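**Student:**
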Amino acid sequence: MIRKRILSGMQPSGPLHLGNYFGALRNWVSLQEEYDCFYFIADWHSLTTLYEDPHMIKKYTREVAIDWLSSGIDPEKSTLFVQSRIPEHAELHLILSMVVPVPWLERNPTYKEKQQEIKSVDMSSYGFLGYPVLQTADIVLYNAHYVPVGIDQAPHLELSREIVRRFNGLYKKKVFIEPVAKISDTPKLNGTDGRKMSKSYNNAIYLSDSEKDITKKIKSMLTDPQRARREDPGDPDVCNLYPFHKLYSPLDMQKEIDRDCRTAAIGCGDCKMKLTESVLAGMAPQMERRREISGKPKLVDEILAEGTKKAQRVARATLEKAKAAMKF
Ligand code: TRP
Ligand code: SF4
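Residue numbering for the sequence shown follows this note's numbering, starting at 530 and increasing by one per position.
Given below as structure tokens:
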């Protein structure tokens with residue numbers, strides 16, 4: 530049986546944290562069982578925000594790959610590669626950019642949002658406007674049926690579908706497949722301070738954190754802000770810590786904490802100690818695999834080289850098909 534193809538990418542803008550894991554990576558791992566998965570590191574995309582000082586991208590690319598492998602992405606099942614090592618992405622991006630009307634891109638909600646949100650760097654570049662065009666090239670080069678992404682990426686996928694229809698319509702040939710977004714429902718997980726977990730807020734728990742780091746970070750976590758004193762009852766429904774219990778603690782412990790928190794039978798300090806135990810137990814397999822991988826320094830490069838070789842064959846064939854349809 531031929532398995533349907535999945536493709537997705539992540540920007541190497543830093544080491545991955547638990548938000549990335551529960552928001553995407555965990556899902557990617559389980560998709561491997563059912564689909565022919567292509568996962569890539571979108572290092573050209575990360576230039577849209579890091580172009581002033583791109584030197585970290587190389588390091589992050591490696592770190593993200595290690596995060597993937599430690600989390601159970603299996604190179605025997607999935608094809609792992611690096612975007613910029615496959616120039617076909619750039620070539621197809623250029624070709625697509627000739628047929629995509631600029632107003633389609635200006636209408637893109639993430640374009641406007643990010644421009645307002647990101648103040649540390651000038652986001653008025655030509656490349657950033659074309660971000661979804663490059664993303665479309667990434668997807669269609671591999672004839673991907675499904676693209677697992679967060680809900681924030683839904684407008685990009687819609688745009689990809691429009692671009693595919695426009696290209697296929699212009700050249701009267703079904704060259705590209707219209708990709709379908711596979712939106713994962715992601716549990717709400719905030720950072721240690723209660724804001725969205727993010728590298729730039731300095732509130733993230735990383736997959737690469739040591740047991741000591743994790744213990745320290747959990748200790749510092751914001752809990753129910755209304756619970757000022759030990760005697761005050763708390764509310765797990767508004768507590769920033771409780772969602773982590775939901776992901777890492779056994780059900781009976783969750784129930785116990787929910788009950789005891791509301792009657793002030795348990796204090797936040799004890800609750801954090803329990804959480805630390807649960808998180809460390811839950812992350813133990815990832816930590817173990819990371820240790821194994823770091824003992825084989827060439828392994829990651831070999832996996833990425835192998836995956837890139839395989840991916841490039843697919844990309845080249847699709848690009849040739851596109852040029853043939855254009856009679857170019
Ligand atoms: N835009 C995606 C993100 O920031 C990353 C990405 C680039 C991607 N190209 C892609 C995701 C192609 C899916 C498919 O999360
Ligand atoms: Fe949150 Fe636990 Fe404190 Fe309750 S006891 S407020 S769930 S940290």
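We treat Cβ as the ideally placed atom computed from N, Cα and C, and that holds for glycine.
Everything numeric in this text was worked out from a predicted model, so none of it was measured.
Below 8 Å on the Cβ atoms is my contact criterion, and I expect S654 with A553 to pass it. Report the Cβ-Cβ distance as a whole number of Å.
**Tutor:** The sequence position of residue 654 within the sequence shown is 125, counting from 1. The sequence position of residue 553 within the sequence shown is 24, counting from 1. S654 to A553, Cβ: 26 Å. No contact.
**Student:** Starting from the N-terminal end, write out each residue whose C-beta falls within a distance shorter than 6 Å of any non-hydrogen atom of the ligand SF4.
**Tutor:** Per the Cβ criterion, the list is T752, D753, R756, G763, P765, C768, L770, Y771, I786, C790, I795, C797, C800.
**Student:** Taking DSSP as the reference, what is the three-state secondary structure of H685?
**Tutor:** Your numbering for residue 685 matches position 156 in the sequence shown. It is helical.
**Student:** When the Cα of E806 is compared with those of G543, P779, S599, which residue comes out closest?
**Tutor:** The residue you call residue 806 lines up with position 277 of the sequence shown. The option with the nearest alpha carbon to E806 is P779.
**Student:** Within 10 angstroms of its Cβ, does L663 collect 16 or more other Cβ (buried), or is it exposed?
**Tutor:** Position 134 of the sequence shown holds residue 663. Result: buried.
**Student:** Go ahead and pull the three-state DSSP assignment for L609.
**Tutor:** Taking the first residue of the sequence shown as position 1, residue 609 is located at position 80. Looking at L609 - three-state DSSP - the assignment turns out to be strand.
**Student:** So, with DSSP's three-state summary, where would you put K702?
**Tutor:** Taking the first residue of the sequence shown as 1, we reach residue 702 at position 173. K702: coil per DSSP, three-state reduction.
**Student:** What are the complete alpha helix (DSSP H) segments, minimum 4 residues, inside the stretch 573-636?
**Tutor:** Whole alpha helix (DSSP H) segments, 4+ residues: 585-599, 617-628, 631-635.
**Student:** From T837, F551, K839, D651, pick the residue whose C-alpha is nearest to that of P677; which is it?
**Tutor:** Residue 677 sits at position 148 when you count from the first residue of the sequence shown. The candidate whose alpha carbon is nearest that of P677 is F551.
**Student:** On the premise that Y568 lies in contact with L602, defined as a C-beta separation below 8 Å, what is that separation, rounded to the nearest angstrom?
**Tutor:** By one-based count along the sequence shown, residue 602 stands at place 73. By one-based count along the sequence shown, residue 568 stands at place 39. The question names Leu, yet the displayed sequence has Ile at residue 602. Confirmed, Cβ separation roughly 6 Å.
**Student:** Once you ignore the five residues that flank L828 on each side, which residues in its own chain have a CB closer than 7 Å to its CB?
**Tutor:** Indexing the sequence shown from 1 puts residue 828 at position 299. Only I822 meet the Cβ criterion.
**Student:** Taking just the CA atoms, how far does F773 sit from G659?
**Tutor:** Indexing the sequence shown from 1 puts residue 659 at position 130. Indexing the sequence shown from 1 puts residue 773 at position 244. If you take the alpha carbons of G659 and F773, they lie about 37 Å apart.
**Student:** For a cutoff of 8 Å on Cβ pairs, would you count D738 as touching chain B?
**Tutor:** Absent from the structure: chain B. Only one protein chain is present.
**Student:** Below 7 Å, is the gap between the Cβ of A844 and the nearest heavy atom of the ligand TRP?
**Tutor:** Reading the sequence shown from its first residue, position 315 is the one you call residue 844. No, the beta carbon of A844 sits no closer than 7 Å to any heavy atom of the ligand TRP.
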